[in-house]
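> One structure, pasted below without further comment.
Number of protein chains: 4
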Amino acid sequence: MRGYTQDKDAYLKRLRRIEGQVRGLQRMVESDTYCIDILTQVSAVTRALQAVALGLLEDHLGHCVTEAIADGGPEASEKVKEAAEAIGRLVRS
Amino acid sequence: MRGYTQDKDAYLKRLRRIEGQVRGLQRMVESDTYCIDILTQVSAVTRALQAVALGLLEDHLGHCVTEAIADGGPEASEKVKEAAEAIGRLVRS
Amino acid sequence: MRGYTQDKDAYLKRLRRIEGQVRGLQRMVESDTYCIDILTQVSAVTRALQAVALGLLEDHLGHCVTEAIADGGPEASEKVKEAAEAIGRLVRS
Amino acid sequence: MRGYTQDKDAYLKRLRRIEGQVRGLQRMVESDTYCIDILTQVSAVTRALQAVALGLLEDHLGHCVTEAIADGGPEASEKVKEAAEAIGRLVRS
Numbered sequence: 043m044r045g046y047t048q049d050k051d052a053y054l055k056r057l058r059r060i061e062g063q064v065r066g067l068q069r070m071v072e073s074d075t076y077c078i079d080i081l082t083q084v085s086a087v088t089r090a091l092q093a094v095a096l097g098l099l100e101d102h103l104g105h106c107v108t109e110a111i112a113d114g115g116p117e118a119s120e121k122v123k124e125a126a127e128a129i130g131r132l133v134r135s
Numbered sequence: 043m044r045g046y047t048q049d050k051d052a053y054l055k056r057l058r059r060i061e062g063q064v065r066g067l068q069r070m071v072e073s074d075t076y077c078i079d080i081l082t083q084v085s086a087v088t089r090a091l092q093a094v095a096l097g098l099l100e101d102h103l104g105h106c107v108t109e110a111i112a113d114g115g116p117e118a119s120e121k122v123k124e125a126a127e128a129i130g131r132l133v134r135s
Numbered sequence: 043m044r045g046y047t048q049d050k051d052a053y054l055k056r057l058r059r060i061e062g063q064v065r066g067l068q069r070m071v072e073s074d075t076y077c078i079d080i081l082t083q084v085s086a087v088t089r090a091l092q093a094v095a096l097g098l099l100e101d102h103l104g105h106c107v108t109e110a111i112a113d114g115g116p117e118a119s120e121k122v123k124e125a126a127e128a129i130g131r132l133v134r135s
Numbered sequence: 043m044r045g046y047t048q049d050k051d052a053y054l055k056r057l058r059r060i061e062g063q064v065r066g067l068q069r070m071v072e073s074d075t076y077c078i079d080i081l082t083q084v085s086a087v088t089r090a091l092q093a094v095a096l097g098l099l100e101d102h103l104g105h106c107v108t109e110a111i112a113d114g115g116p117e118a119s120e121k122v123k124e125a126a127e128a129i130g131r132l133v134r135s
């Protein structure tokens, strides 16, 4: 069980859609599409990926981190630190 | 008491340093500094601001959110949702 | 002929690699990989996509925009504005 | 003369406004404002800084880079490369 388990099908659907968008980018390059139109589409794919990341993160905070805190064990602060580092990587990417 | 209260002086010091960097940007514009050098400095200020945001967020998760969850009250999930929205604003800015 | 035409094969190779990474994300979700490990991989894919975008943009500036300016026609400033807007979309995504 | 010279006053005004926003952040920290409200304001300052950067970049492309290309000298491609690197720093910050 992971934080995202209950939304697993929805995440898989979104990731398959992103895979299709990346294949669409390949077709755009192959058919010599105008650079700016490819860039617009790359921005759209990047936003779709980040929306998936934000969803996973919210699920992670609401399940894994919440449970570690509710358990009251020593690993709660470890989980918070780990989540903060993942947020840092997202913000900087 | 806020999540960042115990690090308040450190945050104020960092924000005063950022204020000084923004004044430095004004001096660069006033003295006709080369555009690219100003852009490099804007990137540095942006990164400094985001480092402050990531620190505040980690403190918020480790204190405010942690306490709401440990309290076991109904507002825990509210706090997680609110934090996730703030993370979304950071990632998109 | 587009700005990226001479590097077309290299771009296609990078985009196929990104497509493979997105499929890897699907396998991670399917096999209940730990949320944080998926997030780390999403950040890597996002960075790979943005590297492609930055390459396309440099090629676009160095070919399409450069040619429009060298031609001295009225569309040069149009091309610069269009490129600036694409940069804005990248920065905000 | 720089690309932004003709808009110098407008840039200085925007940077002074950003300086005021950073001082506002300090007051928020001093008066124990709720973490999430500070984060919302940090996101607003970050966006304001990036809008300045995008403006400077467009001016730079429209003047400095355009002139180097129109001159037809060997430094045109150098300018394009330099601008692309600055865009990369912005996208990653």
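Protein chains in written order, with our numbering: chain X, 43 to 135; chain D, 43 to 135; chain P, 43 to 135; chain F, 43 to 135.
Ideal Cβ positions, reconstructed from N, Cα and C, are used throughout, including at glycine.
(1) Quick one: what does DSSP say D:Tyr76 is sitting in, helix, strand or coil?
(2) Should F:Leu103 be flagged as near chain P, meaning a C-beta pair shorter than 9 angstroms?
(3) What whole-angstrom Cβ distance do P:Tyr53 and X:Val71 have, given they're in contact under 8 angstroms?
(4) If contact means a Cβ-Cβ distance below 8 angstroms, which residues of the region 102–125 of chain D contact chain X?
(5) Identify each residue in the region 72–100 of chain F for which the Cβ-Cβ distance to at least one residue of chain P is less than 7 angstroms, and report them in chain order.
(6) Please list the partners that P:Ile129 has in chain F, where partner means a Cβ-to-Cβ separation under 7 angstroms.
(7) Apply the 10 Å Cβ neighbour rule to X:Asp51 and answer buried if 16 or more other Cβ atoms are within range, or exposed otherwise.
(8) For the region 59–70 of chain F, list every residue whose C-beta sits within 9 angstroms of some C-beta in chain P, in sequence order.
(9) Identify whether D:Met70 lies in helix, strand or coil by the three-state DSSP scheme.
(10) Please classify X:Glu124 as buried or exposed, where buried requires at least 16 neighbouring CB atoms within 10 angstroms.
(11) For P:Leu174, go through chain F and note every residue whose CB falls closer than 7 angstroms to its CB, in chain order.
(12) Helix, strand or coil for D:Ser135, going by three-state DSSP, please let me know.
(13) Taking C-alpha atoms, which residue in F:Glu127, F:Arg56, F:Tyr76 lies nearest to P:Leu96?
(14) Tell me which residue opens and which closes the alpha helix (DSSP H) that X:Asp113 is part of.
(15) Applying the 10 Å Cβ sphere with the 16-neighbour rule, what's the burial state of F:Gln92?
(16) Please report the distance separating the alpha-carbon of X:Val64 from that of X:Gly115.
(17) Grab me the residues of P:Arg139's own chain with a C-beta within less than 8 angstroms of its C-beta, minus the 5 sequence neighbours each way, in chain order.
(18) Within 9 angstroms (strictly less), CB to CB, does X:Arg44 reach chain D?
(19) Tell me the DSSP secondary structure of P:Gly62 in three-state form.
(20) Looking only at C-alpha atoms, which of X:Glu100, X:Gly66, X:Val87 sits nearest to X:Gln48?
(21) List the residues of chain D that X:Leu37 touches, going by C-beta distances under 8 angstroms, in chain order.
(22) Can you tell me whether D:Tyr46 is helix, strand or coil according to DSSP?
(23) Are the Cβ atoms of D:Arg69 and F:Leu81 separated by less than 9 angstroms?
(24) Between X:Ile111 and D:Ile129, which are expected to be in contact by the criterion C-beta below 8 angstroms, what is the C-beta distance as a whole number of angstroms?
(25) For F:Glu61, is the classification buried or exposed, using 16 other Cβ atoms within 10 angstroms of its Cβ as the cut-off for buried?
(26) Please confirm if X:Thr82 has its CB atom under 9 angstroms from at least one CB of chain C.
(27) According to DSSP, is D:Glu117 part of a helix, a strand, or is it coil?
(28) Got a sec? Which residues, its chain only, sit under 7 angstroms from P:Leu103 by beta carbon, not counting five neighbours each side?
(29) Is the separation between the beta-carbon of X:Ala86 and that of P:Ser73 shorter than 9 angstroms?
Here's the rundown:
(1) coil
(2) yes
(3) 5 angstroms
(4) Leu103, Gly104, Val107, Thr108, Ile111, Ala112, Gly114, Ala118, Ser119, Val122, Lys123, Ala125
(5) Gln92, Leu96, Leu99, Glu100
(6) Leu96, Leu99, Ile129
(7) exposed
(8) none
(9) helix
(10) buried
(11) Missing from the structure shown is residue 174 of chain P; chain P here goes from 43 to 135 and no further.
(12) coil
(13) F:Glu127
(14) 108–113
(15) buried
(16) 43 angstroms
(17) Nothing can be reported for residue 139 of chain P, as the shown portion of chain P is limited to 43 through 135.
(18) no
(19) helix
(20) X:Glu100
(21) Only positions 43 to 135 of chain X appear in the structure, and residue 37 of chain X is not among them; the question remains open.
(22) coil
(23) no
(24) X:Ile111 to D:Ile129, Cβ: 17 angstroms. No contact.
(25) buried
(26) Within the model displayed, chain C is absent; protein chains X, D, P and F are what it includes.
(27) helix
(28) Ala125
(29) no
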